[in-house]
């Protein structure tokens with residue numbers, strides 16, 4: 760992006776034109792080749808083994824324990840510095856809502872499923888307080904009062920879900936989420952889709968009064 764000064768100018772121009780600039784961060788996935796790799800932050804099983812996440816372009820991810828996510832994100836050189844340097848009006852913390860409640864058996868930061876939710880609420884609230892608007896990937900019911908948008912809740916790669924195929928279950932998708940929570944959150948799809956095969960996908964978004972991807 761041309762360094763800090765160029766990025767700051769780009770964000771100012773975006774927001775001067777009336778759009779919302781939103782930067783992306785991930786506090787949940789940590790990789791061994793990262794300069795900030797720190798095994799003490801990673802979720803542990805009861806036998807002490809680290810808990811792994813998905814395998815992405817950075818390789819195999821390891822899952823950062825929720826209280827450590829807040830600790831890392833709110834270091835002066837992290838989110839507060841991003842706010843000071845660039846002042847975007849919105850912030851997106853990836854994967855936070857994309858996984859269900861988690862557990863960690865590390866004796867230095869043991870948590871249960873409800874604790875995990877509590878810490879992720881703290882992360883959401885602190886980011887939202889700092890930047891103004893906040894959102895994350897996919898979506899969770901408990902996150903509704905703590906965020907403004909869900910990326911990917913209403914579609915993935917031109918489908919309803921990541922891997923689940925409703926037709927293989929003899930099922931049909933109904934907009935139950937929309938009937939209950941439509942006005943509570945901005946939602947849109949994620950990942951690319953084939954425009955020439957997306958009639959149902961586009962119609963679903965139109966009928967639910969949702970924008971397409973971004």
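In our numbering, the protein residues as written are 760 to 973.
The beta carbon of each residue, even a glycine, is placed where N, CA and C say it ideally should be.
Note that the coordinates shown come from a computational prediction; the quantities given were computed from them, not determined experimentally.
- Across the structure, residue 769 and residue 851 are spaced so that their CA atoms are roughly 18 Å apart.
- With a cutoff of 8 Å on beta-carbon distance, residue 922 and residue 949 are scored as not near each other.
- Residue 932 is a Cβ neighbour of residue 925, given a cutoff of 8 Å.
- Under the three-state reduction of DSSP, residue 899 is assigned to coil, being neither helix nor strand.
- Secondary structure at residue 936: helix, using DSSP grouped into helix, strand and coil.
- Here residue 762 carries a helix assignment [DSSP, helix/strand/coil].
- Using a Cβ distance threshold of 8 Å, residue 855 and residue 896 count as a contacting pair.
- Put simply, of 841, 861, 809, 775 the residue whose alpha carbon is nearest the alpha carbon of residue 819 is 809.
- Comparing alpha carbon positions, the residue from 960, 811, 944 closest to residue 900 is 944.
- In this structure, residue 784 lies near residue 853, with their beta-carbon atoms less than 8 Å apart.
- DSSP places residue 957 outside both helix and strand once states are collapsed to three, so it counts as coil.
- In the structure shown, the three-state DSSP call for residue 967 is coil.
- Bridge partners of residue 815 according to DSSP: 818.
- The Cβ atoms of residue 799 and residue 873 do not sit closer than 8 Å to each other.
- Cβ atoms of residue 797 and residue 811 stay farther apart than 8 Å, at about 16 Å.
- When DSSP assignments are scanned along the stretch 822-883, the uninterrupted stretches of beta strand (DSSP E) that are 3 or more residues long and fall wholly within it turn out to be 849-852.
- Residue 864 places its beta carbon less than 8 Å from that of residue 803.
- A straight line joining the alpha-carbon of residue 792 with that of residue 786 spans about 15 Å.
- For residue 911, the uninterrupted beta strand (DSSP E) segment begins and ends at 908-915.
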